[in-house]
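Just so we're on the same page, the working numbering is the position in the sequence shown counted from 1, plus 15.
Virtual Cβ for every residue (Gly too), placed ideally from N, Cα, C.
Model, not experiment: these values are computed from the prediction.
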Amino acid sequence: MLQPGMAIVLALAAAQGDAADVEKGMAPATNPGSWVTNDDYPASAMREEREGTTGFQLTIGADGLPTGCDIIAPSGHGDLDAVTCQLIMQRARFTPGRNARGEAVGGTYSNRIRWQIPGKGTYPVAVAGFGLDPAQESWPRGAIPDDAFKRIDPAAHYPAAARAAREEGVVHMELNIDSAGQVAGCKVNESSLSATLDEAACALMRSEGKFLPALDSDGKPTKGIVAATFQWSLPREGTGGDAGVSIPSSAAFPLGEPGSATMTVQVGADGRVVDCRFSNTGKFGAAPNGMTPCDTFGAQARYQPFVDENGKKVAKRVILQSELTIEDAPAAAK
């Protein structure tokens with residue numbers, strides 16, 4: 016566990032593939048704060064009380080695995096720089112980006128390690144060791160909705176047919192944002208159960224949508240994808256008609272539908288995740304944008320392999336099964 020004293024600090028998350036062709040950005044599949052710990056501090060550097068910050072850049076393949084590591088900002092100590100690349104190459108894993116054709120793409124990722132002897136720091140660091148660096152902006156950056164856009168009142172745009180039918184619901188959407196910050200496309204991922212409200216939500220996104228565009232690795236505007244929701248709630252009765260602010264209806268219990276989920280992961284004798292399959296019934300285990308828990312491993316991620324009773328590395332298949340059931344509550348004790 017990373018203790019106060021040494022920290023990994025976010026610097027820049029750089030380009031993945033051709034920025035103009037990237038639909039979904041590359042991202043770390045594991046917590047960057049777990050890539051380096053206090054236990055990794057070189058013993059000689061600790062004895063000599065040598066500290067410093069090492070900036071590095073990884074080249075990531077389309078399978079999410081690092082293929083190269085370059086020191087872009089030396090700490091001034093060769094052993095600290097060398098162990099940085101050694102550890103990051105072994106432990107960093109990424110979920111690949113996707114281009115417009117749905118193909119996996121790699122790219123580059125930059126970050127930095129602040130090597131600081133445990134207990135010697137004069138300011139606190141989060142236990143996980145990870146924090147945003149306020150002096151640096153992270154790129155690529157996703158599209159950011161305008162504040163006024165986020166405060167759209169459903170009552171002012173409610174479809175007459177849906178209002179008359181007393182229809183309400185939440186529309187889950189995938190928005191394609193162009194480099195000017197306009198909504199260029201809208202796809203309903205989860206319906207409100209009203210076709211009228213679904214169509215009206217996408218039409219509203221296209222007509223009123225205002226975003227700060229996504230930025231590529233050079234800080235230049237580019238297209239991006241945003242997962243969004245719009246809640247259609249009828250105005251509360253007796254508040255002066257359409258002039259009132261919409262009051263959301265009570266939310267449904269998040270685990271209100273029976274279902275099951277199964278994830279099967281095959282781990283090779285070399286610790287590589289060679290296959291992962293996920294299936295579910297109902298909404299249990301479902302994630303936005305078609306993602307599944309398998310995406311958290313990245314493509315062909317590698318871990319410490321399983322070993323048998325003789326200490327020999329062996330392949331294993333790991334199966335995780337979960338089931339959600341709903342039944343009548345037991346009678347209260349008298």
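Residue of the options minimising C-alpha distance to residue i
i	options	result
Trp-130	Lys-328, Ala-42 and Ala-58	Ala-58
Thr-82	Ala-88, Leu-73, Pro-89 and Met-188	Leu-73
Gly-196	Tyr-318, Gly-239 and Ile-103	Gly-239
Gly-184	Glu-205, Ala-199 and Ser-194	Glu-205
Gln-101	Glu-342, Asn-295, Trp-50 and Thr-307	Trp-50
Asp-168	Ser-207, Gly-122, Trp-247 and Ala-115	Trp-247
Glu-118	Gly-79, Pro-345, Gly-91 and Ala-107	Gly-79
Met-41	Thr-237, Leu-219, Gly-91 and Arg-108	Arg-108
Asp-162	Ser-207, Asn-191 and Glu-223	Glu-223
Ala-218	Thr-123, Arg-116, Leu-208 and Cys-201	Cys-201
Thr-45	Gly-326, Gln-105, His-92 and Lys-235	Gln-105
Gly-291	Thr-307, Arg-221 and Gly-297	Going by the sequence as given, residue 291 is Cys instead of Gly. Cys-291 has its Cα closest to that of Thr-307, out of Thr-307, Arg-221 and Gly-297.
Ala-88	Ser-125, Asp-193, Thr-52 and Glu-63	Ser-125
Pro-174	Asp-193, Tyr-56, Gly-234 and Ala-215	Ala-215
Ile-192	Arg-166, Val-241, Ala-180 and Asp-233	Val-241
Cβ pair residue i, residue j closer than 7 Å
i	j	result
Lys-225	Phe-299	no
Asp-96	Thr-68	no
Arg-317	Gly-274	no
His-187	Thr-244	yes
Thr-277	Gln-336	yes
Thr-99	Ile-128	yes
Pro-47	Ala-77	no
Glu-182	Leu-212	yes
Leu-227	Ile-334	no
Lys-331	Val-289	no
Arg-156	Leu-230	yes
Cys-309	Phe-321	no
Leu-339	Leu-249	no
Ile-86	Gly-121	no
Ser-209	Ala-177	yes
Arg-65	His-92	yes
Gly-297	Glu-272	yes
Met-220	Val-198	yes
Residue span of the alpha helix (DSSP H) that contains residue i, given as start and end
i	result
Cys-309	Run containing Cys-309: none; DSSP gives neither H nor E here.
Arg-106	93 to 106
Ser-58	For the record, residue 58 in the displayed sequence is Ala; it is not Ser. Note, Ala-58: alpha helix (DSSP H), 58 to 62.
Beta strand (DSSP E) segment containing residue i, residue limits
i	result
Leu-73	67 to 75
Thr-82	81 to 88
Gln-246	239 to 247
Gly-300	Where Gly-300 is concerned, there is no enclosing beta strand (DSSP E), given that its DSSP letter is neither H nor E.
Gly-112	112 to 114
For residue i: DSSP bridge partner residues
i	result
Tyr-173	Partner(s): none; Tyr-173 has no beta bridge.
Ser-294	Thr-277
Gly-122	Ile-75
Arg-156	Leu-230
Arg-287	Arg-317
Trp-130	Gly-67
Val-282	Val-288 and Lys-331
Phe-109	Pro-43
Self-check item: beta strand (DSSP E) segments (min. 3 residues) lying fully within the region 315 to 346
Solution: 331 to 339
Quiz item: Enumerated in chain order, which unbroken segments of the alpha helix (DSSP H) with a length of 4 residues or greater are wholly contained in the region 166 to 237?
Solution: 175 to 179 and 210 to 223
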